[in-house]
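Heads up: the structure comes next, in structure tokens.
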Amino acid sequence: ETGVTQSPTHLIKTRGQQVTLRCSSQSGHNTVSWYQQALGQGPQFIFQYYREEENGRGNFPPRFSGLQFPNYSSELNVNALELDDSALYLCASSGTSGRATGELFFGEGSRLTVL
Amino acid sequence: QQQVKQSPQSLIVQKGGISIINCAYENTAFDYFPWYQQFPGKGPALLIAIRPDVSEKKEGRFTISFNKSAKQFSLHIMDSQPGDSATYFCAATLGSSNTGKLIFGQGTTLQVKP
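Residue numbers (my numbering), protein chains in the order written: chain Z, 1 to 115; chain V, 1001 to 1114.
Here is the structure:
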């Protein structure tokens, strides 16, 4: 069973640029959630995708957008990067059983630095 | 209120001791309370979870105590080991159908000294 994989692991961008982060969900999981974890803080929910549709969104501006593909992999896109976007971006997947037990399976994250 | 408040921010415990981390919430609609463990460079991993219809859940050395009237819950790590050194996050969510939308506490960095 393959776990949640994210790419890239680290990247550096400058203010105003755009970034795309990618996530492959765990085998059999059809739900993907994205979280932003600032240094020394708990993860904050960005949004969730279920069967290719956005299924809930946290308090993040529209320049944060996402996609889910038919194979349940997902992308997080951030436009017009700001310094405060520097964080660890975590992808988590859950399937039908995950929704029942509540367990999210997290990837190791993509560390974004905005200069 | 959608916040979950966690304390302490950091904790140092001797090997074999008991580690206790506390969380408080405001929204009485929350009905699922997991604890996640995160090692440096890794994503969080589910440690143990509880629903508000029980007051305590134990899995090995890890116990959640839940006080619904006080809107508080805590994690107890018995016989703490150096391998338990990590950051611990409590979380809460609304409804079993929304388990992807967790609200996390600020985290507690635990150091267990040999």
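Cβ atoms here follow ideal geometry from the backbone N, Cα and C, with glycine treated the same way.
Could you work out which residues of chain V lie near residue i, taking near to mean beta carbons separated by less than 7 Å?
| i | result |
| --- | --- |
| Glu103/Z | Leu1046 |
| Gly107/Z | Gly1043 |
| Gly95/Z | Per Cβ cutoff of 7 Å: no residues; Gly95/Z is ~11 Å from chain V at best. |
Hey, how far is the Cα of residue i from the Cα of residue j?
| i | j | result |
| --- | --- | --- |
| Ser1065/V | Thr1028/V | 17 Å |
| Gln48/Z | Glu54/Z | 6 Å |
| Gly6/Z | Gln1009/V | Correcting the residue type first, residue 6/Z is Gln in the shown sequence and not Gly. So the two alpha carbons sit approximately 28 Å from each other. |
| Phe1033/V | Pro70/Z | 31 Å |
| Ser25/Z | Ser65/Z | 18 Å |
| Arg111/Z | Ser74/Z | 17 Å |
| Phe106/Z | Ser1069/V | 32 Å |
| Gln1106/V | Gly95/Z | 26 Å |
| Ile12/Z | Gly109/Z | 14 Å |
| Pro1040/V | Pro43/Z | 14 Å |
| Leu104/Z | Gln1038/V | 13 Å |
| Tyr50/Z | Leu1102/V | 15 Å |
| Asp1084/V | Pro61/Z | 37 Å |
| Ala100/Z | Lys1113/V | Its pLDDT being 46, under 50, Ala100/Z is placed unreliably in this model, and the value from its coordinates should be taken loosely. Going by the C-alpha atoms only, they are around 37 Å apart. |
| Thr1063/V | Gln1003/V | 22 Å |
| Gln1081/V | Gly16/Z | 45 Å |
| Asn79/Z | Ser1074/V | 39 Å |
Taking residue i as the query, report the chain V residues whose CB atoms sit under 9 Å from its CB, ordered along the chain.
| i | result |
| --- | --- |
| Leu90/Z | Gly1043 and Pro1044 |
| Phe45/Z | Gly1100, Lys1101, Leu1102, Ile1103 and Phe1104 |
For a contact defined as C-beta to C-beta under 9 Å, what are the partners of residue i on chain C?
| i | result |
| --- | --- |
| Gln1037/V | Judged by its chain identifiers, the structure shown contains no chain C, and its protein chains are Z and V. |
Could you tell me whether any non-hydrogen atom of the ligand FAD is closer than 8 Å to the CB of residue i?
| i | result |
| --- | --- |
| Lys1005/V | Annotation note on the ligand FAD: not contained in the displayed structure, which lists no ligands. |
Sort out for me which residues DSSP pairs residue i with in a bridge.
| i | result |
| --- | --- |
| Glu1059/V | Phe1062/V |
| Phe1039/V | Beta-bridge pairing links Phe1039/V to no other residue. |
| Glu54/Z | Tyr49/Z |
| Pro43/Z | None; Pro43/Z has no bridge partner. |
| Val78/Z | Val19/Z and Phe64/Z |
| Phe1033/V | Ile1050/V |
Between which two residues does the beta strand (DSSP E) containing residue i stretch?
| i | result |
| --- | --- |
| His10/Z | His10 to Lys13 |
| Val4/Z | Unbroken run through Val4/Z: none, as it is neither H nor E. |
| Phe1089/V | Ala1086 to Ala1092 |
| Tyr1025/V | Ser1019 to Tyr1025 |
| Gln1111/V | Thr1108 to Lys1113 |
| Ala1049/V | Ala1045 to Ile1050 |
| Ala92/Z | Ala87 to Ser94 |
| Phe1073/V | Gln1072 to Ile1077 |
| Lys1015/V | It is not in any beta strand (DSSP E) - Lys1015/V carries neither H nor E in the DSSP assignment. |
| Ser33/Z | Thr31 to Gln37 |
| Lys1101/V | Run containing Lys1101/V: none; DSSP gives neither H nor E here. |
| Gln1006/V | Val1004 to Ser1007 |
Name the chain Z residues that come within less than 7 Å of residue i, Cβ to Cβ?
| i | result |
| --- | --- |
| Gly1016/V | Per Cβ cutoff of 7 Å: no residues; Gly1016/V is ~28 Å from chain Z at best. |
Going along chain V, which residues have a C-beta under 8 Å from residue i?
| i | result |
| --- | --- |
| Gln36/Z | What Gln36/Z touches in chain V: nothing, since even the nearest Cβ is about 11 Å away. |
Can you list the residues of chain Z that residue i reaches, using a CB-CB cut of under 9 Å?
| i | result |
| --- | --- |
| Gly1060/V | None at all; the shortest Cβ gap to chain Z is about 17 Å. |
Along chain Z, which residues have their Cβ under 8 Å away from the Cβ of residue i?
| i | result |
| --- | --- |
| Phe1089/V | Gly42 and Pro43 |
**OP:** Please confirm if the segment 29-36 of chain Z is in contact with the segment 86-97 of chain Z, defined as three or more CB-CB distances below 8 Å between the two stretches.
**Re:** yes
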